[in-house]
Amino acid sequence: MDKRFIERLQRDFPDFKFKEGKKFAFRPPKTIILGPVEPFYELLALHEVSHAILEHKDFKMDIERLKMENEAWEKAKELAKHYKICINEDLIQDELDTYRDWLHQKSRCPKCGLTRFQTPDSQYHCPRCENLG
Numbered sequence: 076m077d078k079r080f081i082e083r084l085q086r087d088f089p090d091f092k093f094k095e096g097k098k099f100a101f102r103p104p105k106t107i108i109l110g111p112v113e114p115f116y117e118l119l120a121l122h123e124v125s126h127a128i129l130e131h132k133d134f135k136m137d138i139e140r141l142k143m144e145n146e147a148w149e150k151a152k153e154l155a156k157h158y159k160i161c162i163n164e165d166l167i168q169d170e171l172d173t174y175r176d177w178l179h180q181k182s183r184c185p186k187c188g189l190t191r192f193q194t195p196d197s198q199y200h201c202p203r204c205e206n207l208g
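So for the sequence shown, the working numbering puts the first residue at 76; every next one is plus one.
So, in structure tokens, the structure goes:
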């Protein structure tokens with residue numbers, strides 16, 4: 076970990092609380108968990124800072140979570156330019172793939188395998204199994 080980088084983040088974002096943890100995460104409203112040192116540590120940290128800047132909190136529809144992740148990565152790219160951090164598009168797409176895969180698995184009907192749809196009450200429905208049109 077580049078201690079100077081973290082110190083700079085703390086200076087630039089004094090309203091946010093930075094903590095070390097087992098994995099990178101954002102805990103609303105202002106806590107950023109910094110995971111272990113690994114390649115692209117700074118970019119992963121900027122992604123979590125981006126969630127805080129964008130005031131991401133919770134979501135009702137699962138697709139909203141994917142949207143928030145995408146927004147946070149777009150903001151992280153902007154910040155990366157400012158901090159002169161290398162943007163690794165492969166890493167970003169790999170990270171987004173974990174949410175895409177999660178969403179795909181969650182939306183798949185366990186009975187027939189068809190893609191279900193989610194309603195605003197957060198429930199998934201299968202048009203085949205539930206005879207919904």
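We treat Cβ as the ideally placed atom computed from N, Cα and C, and that holds for glycine.
Rounded separation between Glu-113 and Cys-204 - CA only
Looking up residue 113 in the sequence shown gives position 38. Looking up residue 204 in the sequence shown gives position 129. Roughly 45 Å separates the two Cα atoms.
Excluding the 5 residues preceding and the 5 following Ala-120 in the sequence, name in chain order all residues of the same chain whose CB lies nearer than 6 Å to its CB.
If you number the sequence shown from 1, residue 120 lands on position 45. So the qualifying residues of the chain are Leu-109.
Return the CA-CA distance between Gly-188 and Asp-90, expressed in angstroms with no decimal places.
Taking the sequence shown and counting its residues from 1, the one referred to as residue 188 is at position 113. Taking the sequence shown and counting its residues from 1, the one referred to as residue 90 is at position 15. Straight-line Cα distance between these residues: approximately 46 Å.
How is His-200 classed by DSSP in three states: helix, strand or coil?
On the sequence shown, position 125 is the one that residue 200 refers to. Note: His-200 maps to strand in three-state DSSP.
Label His-126 either buried or exposed according to how many other C-beta atoms from any shown protein chain fall within 10 Å of its C-beta, with 16 as the threshold for buried.
On the sequence shown, residue 126 is found 51 positions in, with the first residue counted as 1. Buried: at least 16 other Cβ atoms inside 10 Å.
Using DSSP with H/G/I as helix, E/B as strand and the rest coil, what is Lys-98?
Here residue 98 refers to the residue found at position 23 of the sequence shown. Reduced to three states, the DSSP call for Lys-98 is coil.
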